[in-house]
Amino acid sequence: MKTKLILLAAITLLLGACQSSEPRNEQQEEKKVKIYMIGDSTMANKEANRRPETGWGMVFNEFFNAKVTVDNHAVNGRSSKSFIGEGRWKEVYDQLQPGDYLFIQFGHNDQKFKSPDRYTNPFTTYRANLERYVREAREKGAVPILLSSIVRRNFNEYGCLIDTHSDYPLVTRLVADAMDVPFIDLQRLTEFRVTELGPDESKQLYNWLEPGENENYPQGVQDDTHLNDKGAHEIAQMVIDELKKQHILESYIK
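Numbering (mature numbering (1 follows the signal peptide of the UniProt record, and there is no 0)) for the sequence shown: -20 to -1, 1 to 234.
Structure (structure tokens):
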């Protein structure tokens, strides 16, 4: 009897070793992930005639391995309201699949009170729109992530960075808290960074060009809202760092 037990144990160990040496099947492999991005010009892809203006969403895929696909639907000039009104949200919603991620960043153009197609009150319409994005993303089994807007480079004569976003970042945080949504406070992170650099050095993150420096802007440009390539990479890195802290998509980050 003892001999039989020893023989049985040996066979069991041998089978286990054979199984462990087999290659992992598709179910065991790290699954592919798709990230959808919706937002405004600070996130959006740019046409060649707008370069070197760069949305941080343009470079976001560079920070992930080959298992991740980034589909950037952010568009210049859009607010949380006009993105819905133009049918852009429906286009994204119809594509969402279980396990997808949805990065949501609005606010810059929701402030445009002279543009009724875009303007939203932060505590009513803006909040309702964010809640809709979150709710409907979850209906499709996707994971929503809310982000506050990046700061404008708006220094006063004393070298102090002045806020231009009013209550929109606050409401974004409130929605994230109320609906238990991952939140990345780019307003805070970019404020620290731009303040650290100061009025002059902070220009290196934005689309500031001297006359004749770039053929797309022969007269030069002084843009305190839109990023250049360096700025876009810095913002994308901030987002990546926050994802790591919150243990989101960690295994997919390079």
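We put the beta carbon where it would ideally sit given N, CA and C, even for glycine. A quick note: this is a predicted structure, and the numbers were derived from the prediction, not measured.
Contact between the segment 16 to 23 and the segment 43 to 60 is present: three or more C-beta pairs spanning the two stretches fall below 8 Å. Beta-bridge partners of T49 (DSSP): K14. Of the residues G178, K94, V123, the one whose Cα lies closest to the Cα of I142 is G178. In the structure shown, the three-state DSSP call for P102 is helix. Straight across, the Cα-Cα distance linking N134 with E10 is about 44 Å. Cα atoms of D165 and K12: separation of roughly 27 Å, rounded to the nearest angstrom.
Nearest in C-alpha terms to M23, of all of L229, Y232, D209, is D209. Looking at the DSSP output, P124 bridges to L82. The segment 158 to 172 and the segment 119 to 128 touch, with no fewer than 3 CB-CB distances between them shorter than 8 Å. Counting only residues of its own chain and dropping the five nearest sequence neighbours on each side, I220 has a CB closer than 7 Å to the CB of F43, I233.
Note on geometry: alpha-carbon atoms of F103 and E195 lie some 42 Å from one another. E116 has its alpha-carbon roughly 21 Å from the corresponding atom of N101. Burial of Y197 is indicated by the presence of at least 16 other C-beta atoms within 10 angstroms of its C-beta. With respect to the 7 Å criterion, F40 and V50 are classified as neighbours on the basis of their beta carbons.
Beta-bridge analysis with DSSP links W188 to Q202. When the Cα atoms are used, E66 and D97 turn out to be separated by approximately 10 Å.
An exposed status is given to H227, since fewer than 16 other beta-carbon atoms sit within 10 Å of its beta-carbon. The shortest CA-to-CA distance from T144 to any of M159, N89, R173, S182 is the one to N89. With a threshold of 16 other beta carbon atoms within 10 Å, Y113 meets it and is buried. Between V48 and E119, the alpha-carbon positions lie close to 22 Å from each other. Of the candidates E214, A158, Q199, the residue whose Cα lies closest to the Cα of Q184 is E214. Where Y138 is concerned, there is no enclosing alpha helix (DSSP H), because DSSP gives it neither an H nor an E.
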